[in-house]
Structures are given as C-alpha cells and as structure tokens.
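In our numbering, the protein residues as written are 1 to 74. The structure under discussion appears below in the form of structure tokens.
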C-alpha cells in the first residue's frame with residue numbers, strides 16, 4: 001500500500017466530494033482551463049520557426065507533410 005499521506009489525501013478528497021455537491025463543476029472547469037492554456041501555448045509556439053521544430057520533437061512527428069496546417073513554415 002502507498003504511504004499514509006496518500007491515504008490521508010484520499011480520505012480528504014472523499015470528504016470534500018461528499019460535502020460539496022458542486023465539486024464536479026469546479027474540477028471540470030479546472031481541467032478544461034488546463035487544456036485551453038495548453039492549446040494557446042501550442043498555437044503561440046507554432047507561430048515561430050523554432051517553436052514548430054520543438055512541436056515536432058515534442059510529439060515525435062515523423063510525417064511532417066501530414067501536418068501542413070500546423071507546420072506551414074517547416
């Protein structure tokens with residue numbers, strides 16, 4: 001089993017969910033915001049030549065021709 005701090009976290013999370021009926025909306029909003037920020041970051045990164053090269057490396061893109069819209073400067 002994991003350590004006591006993990007078990008404590010699980011118990012606190014279960015208590016939070018039990019006592020806060022709107023927990024799911026808050027969690028969904030947070031997760032969606034993370035995706036939105038990442039999408040903005042990638043779009044801004046793609047605007048530069050160096051950024052596009054970094055995206056190719058990050059996603060290990062082998063077929064660059066298949067990503068013409070994203071990687072128009074390569």
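Backbone N, C-alpha and C fix where the C-beta goes; we use that ideal spot for every residue, glycine too.
Three-state secondary structure (DSSP) at residue 44? The residue you call residue 44 lines up with position 44 of the chain shown. Residue 44: helix per DSSP, three-state reduction.
Output the distance between the C-alpha atoms of residue 2 and residue 12, rounded to the nearest integer angstrom. Position 2 of the chain shown, counting from 1, holds the residue named residue 2. Position 12 of the chain shown, counting from 1, holds the residue named residue 12. One C-alpha to the other measures close to 16 Å.
Buried or exposed: where does residue 52 fall if 16 or more other Cβ atoms within 10 Å of its Cβ makes it buried? Counting from 1 along the chain shown, the entry for residue 52 is found at position 52. Buried.
Whole-angstrom C-beta distance between residue 54 and residue 45, which should lie under 8 Å: As a position in the chain shown, residue 45 is number 45, starting the count at 1. As a position in the chain shown, residue 54 is number 54, starting the count at 1. Beta-carbon to beta-carbon, residue 45 and residue 54 are separated by about 6 Å, close enough to satisfy the 8 Å threshold.
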